[in-house]
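No gaps in the numbering here: position 157 of the sequence shown is 321 in our numbering, and each next residue is one more. Note that CB positions come from ideal geometry on N, CA and C, so glycine has one too.
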Amino acid sequence: MYRNHDGEKVLHLERKKVMFFIYRMGGGGAARTILNIVNHLDRQQFEPILVTLNFNYTYEQYVNDDVTFIKLPVKRLRQAIVPLAKLIHKERPHLLFSTVPNYNTIAILAKLLSRTKTKLIVREAAFLGGTWKTNLLLKGYGMLYRLANRVIALSEGVKENLIRRYHIPKGRITVIYNPVDIEHIISESEKVPEENFLFTDQKQTIITAGRLVAEKDHATLLRSFAKLNDRSNKQLIILGEGELEQALKTLAKDLGIEERVFFLGFKQNPYAYIERADVFALTSTTEGFGHVLVEALALGTPVVSTRCRPGAEEILGEEKYGLLANVGDSNQFAKQLETALSLTEDEKQIVISKGKERAADFAVEKIVHEYEQVFLQVIDEHTK
């Protein structure tokens, strides 16, 4: 800030160089968040630089042309410390930003090795901890995180976890929710999905999207679907891939529902599928935020979710915007699915309207502005 001839405060328009570091621009939530931030940062105030390891992945094609995109000449994370440090020293960014504990560790060490005055912000999105080994590891992360100028927590629950298990002082933590590019996902949802033949007026469709791993607990979803009173006009679509795919297909067969469950794998455009479904279901055991819940709400698809801490309850507002069931409780989850599928058209329109209203709270323009304010605040501390 400076004062003009009239004594009024005026924002100095020098562009601030912000470097974003992530392992790769794959199809996960961390890459999606980075993508939304770098693409929507105010170019009058910021110059974004995106840095990854030497991979070619899904979201790269969506990075705006005016983003400086640099790939380090390595593919192993631990080997990235020195080349990232050299890049920081060369580019002299005002700020370095990273997300995910392993990547944050590399960013912190590289920043120290660079011997620059670059400020550092790390973001924590996961609600980790439980076993003594994990809690001990988190204390180690916390020691490193305290070397950062600010820690961004994905939700209030993640913030509480950072204080309790990482031992980060609460004054160093800022909560910023995930940015959701509502305009983009609505545009993508208008495209015809590959398996469009699955969606007919004669069938009610339950859909989920996420990696086929233990923490997403697709097994509970399959058991819940098997307990629905009448499955003759219902189907379950599962988007995603992962290590448990074969085990889940076996479970579907054992439950006698394999003919009504469709494993469609990873979809670059899941929105076209979610928008056409009658209910979006999430059975995770834990979610730092639950990005896909907001996407479903934005697309006008009613949501049924487990009370996966801490994200779902914060997003759905204790059932104000969607139905909730206890983690791992297939009986309760099945009842909530029945409730969602039994909504009258008028009831459904009310649910859709409330959902879209809630999704707007996470619109990319609003959330990225919050990031911009934190970026400027931390950079300004650099000049004091």
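Alpha helix (DSSP H) segment containing residue i, residue limits
| i | result |
| --- | --- |
| glutamine 500 | 494-505 |
| glutamine 243 | No alpha helix (DSSP H) holds glutamine 243; DSSP gives it neither H nor E. |
| serine 278 | 265-278 |
| phenylalanine 389 | 382-390 |
| lysine 484 | It is not in any alpha helix (DSSP H) - lysine 484 carries neither H nor E in the DSSP assignment. |
| isoleucine 349 | 346-353 |
| serine 517 | 509-523 |
| glutamate 324 | 320-329 |
| threonine 197 | 193-204 |
| glutamate 459 | 455-462 |
Rounded Cβ spacing between residue i and residue j (contact assumed at less than 8 Å)
| i | j | result |
| --- | --- | --- |
| phenylalanine 526 | valine 458 | 5 Å |
| arginine 488 | arginine 471 | Before going on, a small fix: residue 488 reads as leucine here, not arginine. Correct: roughly 5 Å between the Cβ atoms. |
| threonine 384 | glycine 492 | 6 Å |
| glycine 193 | histidine 382 | Actually they are not in contact, since the Cβ atoms of glycine 193 and histidine 382 sit about 17 Å apart, beyond 8 Å. |
| isoleucine 401 | tyrosine 437 | 6 Å |
| lysine 235 | threonine 216 | 6 Å |
| alanine 476 | leucine 446 | 7 Å |
| isoleucine 316 | threonine 338 | 6 Å |
Burial state of residue i (16 or more Cβ within 10 Å)
| i | result |
| --- | --- |
| valine 322 | buried |
| lysine 180 | buried |
| arginine 167 | Unreliable positioning characterises arginine 167 in this predicted model, as indicated by a pLDDT of 43, which lies under 50. The coordinate reading is nonetheless provided below. Exposed, because fewer than 16 other Cβ atoms sit within 10 Å of the Cβ of arginine 167. |
| isoleucine 346 | buried |
| asparagine 360 | exposed |
| proline 333 | exposed |
| glutamine 368 | buried |
| aspartate 442 | buried |
| serine 506 | exposed |
| threonine 295 | exposed |
| asparagine 490 | exposed |
| threonine 450 | buried |
| arginine 188 | buried |
| isoleucine 163 | Outside the modelled stretch of the chain, which goes from 165 to 548, sits residue 163, for which no answer is possible. |
| isoleucine 514 | exposed |
Start and end residues, beta strand (DSSP E) containing residue i
| i | result |
| --- | --- |
| phenylalanine 426 | 425-429 |
| glutamine 368 | 368-373 |
| lysine 398 | 398-403 |
| lysine 235 | 232-235 |
| lysine 334 | Note, lysine 334: premise wrong, no beta strand (DSSP E); not H, not E. |
| isoleucine 316 | 314-317 |
| isoleucine 421 | From DSSP, isoleucine 421 is part of no beta strand (DSSP E); its letter is neither H nor E. |
| lysine 281 | Unbroken run through lysine 281: none, as it is neither H nor E. |
| alanine 340 | One detail in the question is off: residue 340 reads as isoleucine in this sequence, not alanine. First-last for isoleucine 340: undefined, no H or E at that position. |
| isoleucine 213 | 210-216 |
| alanine 445 | 443-446 |
Residue i versus the options, residue with shortest Cα-Cα distance
| i | options | result |
| --- | --- | --- |
| valine 377 | Gln410, Glu352, Asn360 | Gln410 |
| alanine 390 | Ser494, Lys512, Glu324, Ile516 | Ser494 |
| valine 227 | Asn203, Leu428, Thr263, Lys431 | Asn203 |
| glycine 481 | Ala498, Phe453, Thr508, Leu277 | Phe453 |
| alanine 290 | Thr280, Ala416, Lys235, Glu320 | Glu320 |
| glutamate 423 | Phe430, Thr414, Lys431 | Thr414 |
| methionine 433 | Pro357, Leu392, Ala476, Leu505 | Reading off the sequence, residue 433 comes out as asparagine, not methionine. Selected option, being the one with the closest Cα: Pro357. |
| arginine 522 | Val315, Pro343, Thr450 | Pro343 |
| proline 265 | Asn397, Val286, Pro212, Thr282 | Val286 |
| leucine 260 | Glu211, Glu534, Ala524, Thr450 | Glu211 |
| lysine 254 | Ser262, Arg279, Asp230 | Arg279 |
| glutamine 208 | Leu392, Asp230, Leu419 | Asp230 |
| leucine 308 | Lys297, Leu318, Leu326 | Leu326 |
| arginine 310 | Glu324, Arg336, Ala317 | Arg336 |
| lysine 484 | Ala498, Pro466, Leu501 | Pro466 |
| leucine 386 | Ala195, His258, Val538, Phe497 | Phe497 |
Beta-carbon proximity list for residue i, same chain, < 8 Å, skipping 5 on both sides
| i | result |
| --- | --- |
| isoleucine 349 | Tyr435, Glu459, Ala462, Leu463 |
| phenylalanine 426 | Glu359, Leu362, Gln399, Leu400, Ile401, Ile402 |
| glycine 429 | Leu403, Gly404, Glu405 |
| asparagine 218 | Lys235, Leu236, Pro237, Val238, Lys239 |
| asparagine 397 | Gln366, Lys367, Gln368 |
Sequence-distant residues of its chain with Cβ nearer than 6 Å to residue i (five each side left out)
| i | result |
| --- | --- |
| leucine 277 | Ala249 |
| lysine 548 | Reliability fails at lysine 548, whose pLDDT of 47 lies under 50, so the model's placement of it is uncertain and the value that follows must be treated cautiously. So the list is empty, once near-sequence residues are dropped. |
| glutamate 352 | Asn433, Tyr435 |
| isoleucine 516 | Gly464 |
| threonine 232 | Ile213 |
| lysine 380 | Gly374, Ser448 |
Contact set for residue i: own chain, Cβ-Cβ below 7 Å, skip 5 residues either direction
| i | result |
| --- | --- |
| aspartate 170 | Confidence at aspartate 170 is low in this model, with a pLDDT of 48, below 50, so the placement of that residue is unreliable and no value is reported for it. |
| aspartate 510 | none |
| isoleucine 270 | Leu241, Ala244, Ile245, Leu248 |
| lysine 114 | Any answer about residue 114 is impossible in this case: the structure gives the chain only from 165 up to 548. |
| histidine 331 | Lys303, Gly306 |
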